[in-house]
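Residue numbers (this note's numbering): 30 to 151. Ideal Cβ positions, reconstructed from N, Cα and C, are used throughout, including at glycine. Single-structure report; data block below.
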């Protein structure tokens with residue numbers, strides 16, 4: 030599986046795997062991932078840096094020119110942060126290039142009910 034569904038990481042951020050609930054099947058890997066995520070976020074809140082030790086920045090901040098970003102992954106009980114480039118480039122191309130170059134206008138109908146619009150191609 031690649032990545033998580035939107036919001037699925039919230040359980041890890043708030044330490045749910047550390048609670049040891051018997052009705053939820055969290056593994057020791059989940060516990061380590063939760064600890065790592067809580068550490069990264071709490072250090073960011075305290076220092077403004079995305080760090081695992083409170084001092085050394087993990088990766089670098091996103092830069093629109095380099096398009097580098099950080100990805101946290103888990104192999105067994107080892108949590109790692111790797112720096113990658115061009116996140117979902119083909120999908121981002123749609124928003125960065127296709128949409129801005131789409132040539133259409135959207136005008137409100139003067140006699141239409143509020144909220145109805147007339148979209149026309151130029």
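Option nearest residue 112 by Cα separation, candidates 46, 119 and 91: Here residue 112 refers to the residue found at position 83 of the chain shown. Comparing Cα positions, the closest option is 91.
Nearest residue (CA-CA) to residue 44, options 118, 115 and 59: Locating residue 44 in the chain shown gives position 15, counting from the first residue. Checked all of 118, 115 and 59; the closest Cα to residue 44 is 59.
Extent of the continuous alpha helix (DSSP H) to which residue 132 belongs: Residue mapping note: residue 132 aligns to position 103 of the chain shown, counting from 1. Here residue 132 belongs to no alpha helix (DSSP H), and DSSP marks it neither H nor E.
Outcome for residue 63 when other beta-carbon atoms lying within 10 angstroms are tallied against a minimum of 16: Looking up residue 63 in the chain shown gives position 34. Buried.
8 Å CB neighbourhood of residue 121 in its chain, flanking five on each side removed: The residue given as residue 121 occupies position 92 in the chain shown. Correct list, in chain order: 115.
Assigned secondary structure, residue 70 (DSSP; H/G/I helix, E/B strand, else coil): The residue you call residue 70 lines up with position 41 of the chain shown. The answer is helix: DSSP assigns residue 70 an H, G or I state.
Cβ-based burial, residue 131 [other Cβ within 10 Å; buried from 16]: Walking along the chain shown from the start, residue 131 turns up at place 102. Residue 131 comes out exposed.
CB of residue 110 within 8 Å of CB of residue 101, strictly: Numbered from 1 along the chain shown, position 81 holds the residue referred to as residue 110. Numbered from 1 along the chain shown, position 72 holds the residue referred to as residue 101. Contact: yes.
Residue 97 (DSSP reduced to helix, strand or coil): Taking the first residue of the chain shown as 1, we reach residue 97 at position 68. Residue 97 falls in the strand class under three-state DSSP.
Test item: CB-CB of residue 66 and residue 47 under 8 Å: Along the chain shown, one-based indexing puts residue 66 at 37. Along the chain shown, one-based indexing puts residue 47 at 18. Not in contact: residue 66 and residue 47 (Cβ atoms no closer than 8 Å).
Assumed close pair residue 79, residue 99 - CB separation to whole angstroms, cut-off 8 Å: As a working mapping, residue 79 is identified with position 50 in the chain shown. As a working mapping, residue 99 is identified with position 70 in the chain shown. Indeed, because the Cβ distance is near 7 Å, the residues count as touching under 8 Å.
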